[in-house]
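In full-length UniProt numbering, the protein residues as written are 1 to 224.
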């Protein structure tokens, strides 16, 4: 059954237009993307089935082609459309943090770093290099670790900051476990980085730890 054939009060599209996108559940948003269901299942029913089968929205969005297309009602065309939609979202965020743009929105930085790191199955440490006016120079992935650890070398970070002429930097790394709470090791390496970069008058503005649903800011915790 197509969404347009549902009673108006049950249509996710009409609900979005009337109440805003934030009012919709994951299943309702997914139903709008799917547009139609399958025999005996509406688009919302199908969306709920998919979320249940994959164990949530994130595993569904990050499923590989074979896993995604194996689900009832899914196929190559839907998979391709989903990948294009996800990439458009990432590029939209990135376009707001292009080189030369001054950072004025902490929430935008948080969303951008989460989009870059949240889906990774390994731990990755990255930096957003800024000039002295906090304008974006470049985002770079610096170190890649195993599922539970990453080696971060302050000397290499300092060398990169100097090469780019950075005056400030924002660090970020993900926890593949999904738990965003910083570890003692996270705090120690952040302090080592802060001390190393201070020798070259490069400020560490923040360090974000990205989990499944939460992104923890060191600056908001008062640790920087």
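Note that the Cβ used here is the ideal one computed from N, Cα and C, for glycine as well.
Keep in mind the model is a prediction, meaning the values are calculated, not measured.
Cβ neighbours of residue 199 within its own chain (closer than 8 Å, five residues either side excluded): 158. Within 10 angstroms of the beta-carbon of residue 64 lie fewer than 16 other beta-carbons, which makes it exposed. According to DSSP, residue 141 shares a beta bridge with 126.
Cβ neighbours of residue 58 within its own chain (closer than 8 Å, five residues either side excluded): 118, 119 and 212. Under DSSP, residue 41 shares a beta bridge with 38. At the C-beta level, residue 218 and residue 166 stay beyond 7 Å of one another. For residue 118, there is no enclosing alpha helix (DSSP H), as DSSP marks it with neither H nor E.
Residue 15 and residue 210 have their C-alpha atoms roughly 31 Å apart.
The alpha-carbon separation between residue 201 and residue 194 amounts to approximately 10 Å.
One Cα belongs to residue 72, the other to residue 160, and the distance between them is close to 48 Å.
In this structure, residue 176 sits near residue 121, with a CB-CB distance shorter than 7 Å. Scanning 156, 21, 103 and 140 for the CA closest to the CA of residue 133 turns up 103. Residue burial is scored here from C-beta neighbours: residue 124 has at least 16 other C-beta atoms within 10 angstroms and is therefore classed as buried.
Only residues of its own chain outside the window of five on either side were considered, and among them 154, 157, 158, 161, 169, 203 and 204 have a CB closer than 8 Å to the CB of residue 197, listed in chain order. Restricting attention to 12, 92, 106 and 221, the CA atom closest to the CA of residue 26 is found in 12. Taking the C-beta atoms as reference points, residue 45 is found no nearer than 7 Å to residue 56.
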